[in-house]
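Read through the structure below, which is laid out as structure tokens, and then see the notes.
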Amino acid sequence: MRSIKPEEFITKKDELVAVLDIRRDSDYEASEEIVPGATWKNPAAIDEWIETVPKEGQVVIYCVRGGGVSNSVVDRLQAEGFNAQFIEGGIEGLKGAGGTVVKK
């Protein structure tokens, strides 16, 4: 499965080994919000950080709206053997479903 519904993420977030914010650098810098416990990773530099992501357990990523950035990064993570999914609708979908975000 490539994606996770925001409502499912809300109930499972404590079971995840990693939550990665993979918004483009400009989108991340323009925002004041992040999902609690998430770590920002530059999607354009995936080769530099992919080895730091735990392979044991579920990894969830998100971008702004769950589009092209999330799809390309989840493709790469899954191809490398990670149990990775992206949040449908991205951080905006999560907020719309009542998910928690905090100031960076």
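The opening residue of the sequence shown carries number 1 in UniProt numbering; numbering runs sequentially from there.
All C-beta atoms in this analysis are idealised placements derived from N, C-alpha and C, irrespective of residue type, glycine included.
Could you give the residue range of the beta strand (DSSP E) that holds residue i?
{"i": "A18", "result": "18-21"}
Residue i to residue j, Cα distance in whole Å?
{"i": "E7", "j": "A45", "result": "29 Å"}
{"i": "E33", "j": "V17", "result": "21 Å"}
{"i": "A38", "j": "V19", "result": "5 Å"}
{"i": "G57", "j": "I10", "result": "17 Å"}
{"i": "G68", "j": "N42", "result": "14 Å"}
For residue i, count neighbouring Cβ atoms within 10 angstroms of its own Cβ and tell me buried if that reaches 16, exposed if not.
{"i": "D21", "result": "buried"}
Which residues in the same chain as residue i place their Cβ atom closer than 7 Å to its Cβ, once the five residues preceding and following it in sequence are excluded?
{"i": "G89", "result": "P6, R65, G66, G96"}
{"i": "E80", "result": "I50"}
{"i": "E92", "result": "V64, R65"}
Can you round the beta-carbon distance between residue i and residue j to whole angstroms, since I take them to be within the 8 Å contact cut?
{"i": "Q85", "j": "S3", "result": "6 Å"}
{"i": "V101", "j": "F82", "result": "Their Cβ separation, rounded to whole angstroms, is 24 Å, which puts V101 and F82 out of contact at 8 Å."}
Along the chain, where does the alpha helix (DSSP H) containing residue i start, and where does it finish?
{"i": "A79", "result": "68-79"}
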